[in-house]
Each structure stands twice: as C-alpha cells, then as structure tokens.
Ligand SMILES: Cc1ncc(COP(=O)(O)O)c(C=O)c1O
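Residue numbers (my numbering): 274 to 696.
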C-alpha cells in the first residue's frame, strides 16, 4: 500500500525534536569550562597540558600535542615526517579536503589512489603502483569510523621505506586487530570539531610515540620555536612555523568530553548495529560493513543507494539528492558528506596552490595525473551515498535508530513518489 511521503504532504516519520543535538552537555562540562574561564591562563594553559596527557593515555600514545584543528595536526604530521618540496605523498581519492591540502602546505604533492568500494577507505592493493622515487609518506585516512587495513599499508611502507601518517580525525576509538587508530603509523591526527565523536567545538591532537617526530611537529605548531609555551621561551624562530596551539577553554571542554567518550562510543556502536538490523531487508540499499578484524565506530553511518537496481546509473547524484530530500522531510537527518572525489576539486584540477603552478611546477616535482577517470570508485561513491552522524550519537538511543530506519524504509518502499519529486 502506498503511504504519502512527507515531502508530498504526508506525516513525517520522525517528529521534530526527536533527535537530540550533539554533544550532550552536563555538569562536568560546565564545571571544567567555568574553572578554566575563572583561571588565569586562557592561551595554552594547564587544561591544554592535561588534555594532551589524558588523550595520549586514552588512545595509547606516548606523546601528544593539542592543536586548534585536526588540519593543523595533519600539517604537523607531514612536516614531522620530513615531507617537503618535490616529495609525493599518497592520499585516498575520497576524504576531507585537508587530508590532501595538508600535503600542499608542505610544498609537497598529493598522489591520489582510488578507494575500495566496500570500506570507502583507500584501496590498499593499489598503493604500490602509485609509489615513485619521490614518494615520502602514505596518509591512511580512517574514514567514517572504520580503520584502514593497517597491515597492508605498513607492509607497503616498509618495502619502500615510507612514513605512515594516520588521519584519525573521524575515527576516535576505531580499531584494527584490537589496536586503536593513531597508534599504528609513525604519527597521527585527530579532530575535535563540532561533528566529531569527541567534540570541543574546534580543536585537534597530534599523536606519536616518537620523540623526534614530536619535537619536529612542535616547531611547526608554535611559531618555529623549540620551547614549549609554558616553558621559559626564547622567542627565537628556528624553523618555518605556524600558530596551531589549542587554548585553555577549548581544552577544558575537550577534557570534560573525554571523560564520557567511551560511553558515547559504546552508544554510537549500539545504535549503528540496531540501524543495520532494521535496514537489512529494505530494498536497494548498500549498508556499511566491516570485517572481523575491524572495530567500526560508525562516526558517520554511510549508506549507498543501489543506483543500478534503481535504474539511475546515468543520473545517480540527481536521484540521490531527491532521495535525501525525501528522507529529510521524513525527519531523518541524513546528508551528503562529500559529493566530490578529491582530485576533482578545483584546487587540484586548476593546480592553484601557491600561484605560478607551485608546488606542481617546482623544479623538484615529478608529473602527477589528476584525471578524474582514474578514480571511478570514488566518483561512484560520491554520487550514490548519504550518511548521518547526530541521529546515532548519544544521548540518542536505539529507539531513534529504529525511527530513522522506519523513515528510510518508508522512502525506499515508495520510490515511485521519489521519482516524481521536482528536481
Ligand atoms: C578525514 C578528516 N581529516 C581531516 C579533518 C580536518 O579536521 P578539522 O576540521 O578539525 O581541521 C576532518 C574534519 O573535518 C576529517 O573529517
């Protein structure tokens, strides 16, 4: 029986106000942020130092430096690994922009590798073919809360003497073979922005076990200085540096949220598992999966609409957008996260980095090919997917997951109405 979709005037499946906002704020947050406010150091203060050591302990790293963003932490990781003019760095063709622009910040050149359809992460089997004599590092992006197969990445890296940087910005708590992301490569980066599983508004963390990498990253982080901001500074710039330090208020918020992170992640996982159970028999969906070696944290629960089965191979993105419109009208807060493979983005197509073609025209640079046809899986994923974060985050529970599933099932069972959406 056909039920009118909300986009056509029917009742929405999920009443407004059902999905609670992220992150939950309680007395712990209020107490710690207020204490910082009433303290005397609002720049890099005692909460920053405590956040570094507490996060390092939580994740299992020896060393950590807190930053004002995940992007800053990534840039620091590249510099720490010695990436510079003319070097090439392997990056997945589908990720957040700064997984690749952090390479440009070093005057180095991203070399893209297509993604694997099942995991949405870099196709580890294709990495070796992208390596040249200029390759310096591989960035393993653990996308959507699912770790990359780090055995495969580390094996290639070892064969070619490459550094491995983990972009763990979306993957707090995700594991591969029981090991947490950010502990397997040479160094890693986390983000604490609004959507992240650990949210402090903005912010990030560089992590490593290697003191030399930590020292090199710290220089970039604080004006090229070698002394920590709470030490007796000599105000001398020893290297090209930025200002990537975190501040005390944000770190206090991050510390407060960190005390609740394990509980949040457990809830997130439970909700995602429930959503998968409820969606298993819904037609024309491709649901997220993970092998037994992977502890998926479902940072972003991403589904693909089977455009082949739906008969929309040739206009997949347009039809996907109609499906998302219908889902949102039902109250299911799904969205399209990245509609572009990275190599298709203008910065790479136009090669408009530092002007005058740099870094690609740098005399040290080799030739790279950003032809979009080389990344068909990233393109198909870009066109077919939708995803969600907040509905599966604490304090929302499995009841919300069930309602989201009901909204998705309603839309997919009434696909003829979606076909009629103007668009
Ligand atoms: C995969 C990935 N890498 C890097 C970043 C950058 O993090 P931030 O926004 O904190 O700079 C993000 C977050 O947006 C991300 O999702």
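Note that CB positions come from ideal geometry on N, CA and C, so glycine has one too. Just so it is clear, the structure is predicted and the values come from calculations on it, not from any experiment.
- request: From the DSSP output, in three-state form, read off residue 599 for me.
  value: As a first step, residue 599 is located in the chain shown; it is residue number 326 there, counting from the start. Helix.
task: With a cut-off of 8 Å on the beta carbons, I'd call residue 394 and residue 419 a contact; round off their distance for me.
output: Position 121 of the chain shown, counting from 1, holds the residue named residue 394. Position 146 of the chain shown, counting from 1, holds the residue named residue 419. Yes, residue 394 and residue 419 are in contact; Cβ-Cβ is about 6 Å, under 8 Å.
task: Kindly identify the DSSP beta-bridge partner or partners of residue 478.
output: The residue you call residue 478 lines up with position 205 of the chain shown. Residue 478 pairs with 339 and 463.
field: Beta-bridge partners of residue 564, as assigned by DSSP
entry: As a working note, residue 564 is residue 291 in the chain shown. In DSSP, residue 564 forms no bridge with anything.
query: Nearest-angstrom Cα distance between residue 615 and residue 337?
result: Here residue 615 refers to the residue found at position 342 of the chain shown. Here residue 337 refers to the residue found at position 64 of the chain shown. Rounded to whole angstroms, residue 615 to residue 337 spans 28 Å at the Cα level.
query: From residue 578 to residue 297, what does the alpha carbon distance come to, in whole angstroms?
result: Residue numbering aside, residue 578 sits at position 305 when the chain shown is read from its first letter. Residue numbering aside, residue 297 sits at position 24 when the chain shown is read from its first letter. The straight-line gap from Cα to Cα measures roughly 31 Å.
message: Going by C-alpha to C-alpha distance, which of 675, 404, 489 and 524 sits closest to residue 431?
response: Along the chain shown, read from residue 1 onward, the residue named residue 431 stands at position 158. Closest by alpha carbon: 404.
message: For the pair the region 623–633 and the region 303–316, tell me if three or more CB-CB distances fall below 8 Å.
response: no
field: residue 549, DSSP secondary structure in three states
entry: As a position in the chain shown, residue 549 is number 276, starting the count at 1. In the structure shown, residue 549 sits in a helix (DSSP, three-state: H, G or I).
query: Would the beta-carbon of residue 551 be found less than 6 Å away from any heavy atom of ligand 1?
result: On the chain shown, residue 551 is found 278 positions in, with the first residue counted as 1. Outside the cutoff, so no.
message: Can you give me the C-alpha to C-alpha distance between residue 542 and residue 570, rounded to a whole angstrom?
response: As a first step, residue 542 is located in the chain shown; it is residue number 269 there, counting from the start. As a first step, residue 570 is located in the chain shown; it is residue number 297 there, counting from the start. So the two alpha carbons sit approximately 6 Å from each other.
- request: Identify whether residue 498 lies in helix, strand or coil by the three-state DSSP scheme.
  value: By one-based count along the chain shown, residue 498 stands at place 225. Residue 498: coil per DSSP, three-state reduction.
- request: Taking only the alpha-carbon atoms, compute the straight-line gap between residue 360 and residue 498 and give it to the nearest angstrom.
  value: For the purposes of this step, residue 360 is taken as the residue at position 87 of the chain shown. For the purposes of this step, residue 498 is taken as the residue at position 225 of the chain shown. For residue 360 and residue 498, the distance between alpha carbons rounds to 24 Å.
message: Starting from residue 658, trace the beta strand (DSSP E) in both directions and tell me its first and last residue.
response: As a first step, residue 658 must be located in the chain shown, where it is residue number 385. First-last of the beta strand (DSSP E) with residue 658: 658–661.
message: Are there any heavy atoms of ligand 1 lying less than 6 Å away from the beta-carbon of residue 440, as far as the coordinates show?
response: Sequence index remark: in the chain shown, residue 440 carries index 167 (1-based). At least one heavy atom of ligand 1 is nearer than 6 Å to the Cβ of residue 440, so yes.
message: Assuming contact is defined by CB atoms lying nearer than 7 Å, are residue 459 and residue 437 in contact in what I supplied?
response: Start at 1 with the first residue of the chain shown, and residue 459 comes out as number 186. Start at 1 with the first residue of the chain shown, and residue 437 comes out as number 164. Contact: yes.
message: Once DSSP output is grouped into helix, strand and coil, what is the label at residue 440?
response: Here the question's residue 440 lines up with position 167 in the chain shown. Residue 440 falls in the strand class under three-state DSSP.
query: So residue 575 is in the beta strand (DSSP E); what residue range does that whole segment cover?
result: One-based indexing of the chain shown puts residue 575 at position 302. Here the beta strand (DSSP E) through residue 575 covers 574–578.
message: Quick check on the DSSP output: the alpha helix (DSSP H) that includes residue 385 runs from which residue to which?
response: Counting from 1 along the chain shown, the entry for residue 385 is found at position 112. Where residue 385 is concerned, there is no enclosing alpha helix (DSSP H), although the beta strand (DSSP E) it sits in stretches over 382–386.
- request: Report the rounded CA-to-CA distance for residue 605 versus residue 595, giving the unit in angstroms.
  value: As a position in the chain shown, residue 605 is number 332, starting the count at 1. As a position in the chain shown, residue 595 is number 322, starting the count at 1. Approximately 14 Å between the Cα atoms of the pair.
query: Measuring from the CB of residue 467, is there a heavy atom of ligand 3 at a distance below 6 Å?
result: Absence of ligand 3 from the depicted structure is noted, with ligand 1 being the only ligands included.
- prompt: Since residue 617 is in the alpha helix (DSSP H), which residue starts that stretch and which ends it?
  reply: Here the question's residue 617 lines up with position 344 in the chain shown. From DSSP, residue 617 is part of no alpha helix (DSSP H); its letter is neither H nor E.
- prompt: Are there 16 or more other CB atoms within 10 angstroms of the CB of residue 303, so buried, or fewer, so exposed?
  reply: Counted from its first residue, the chain shown places residue 303 at position 30. Classification of residue 303: exposed, given that the 10 Å Cβ count is below 16.
- prompt: Is there contact here, the region 476–494 with the region 325–345, by at least three beta-carbon pairs under 8 Å?
  reply: yes
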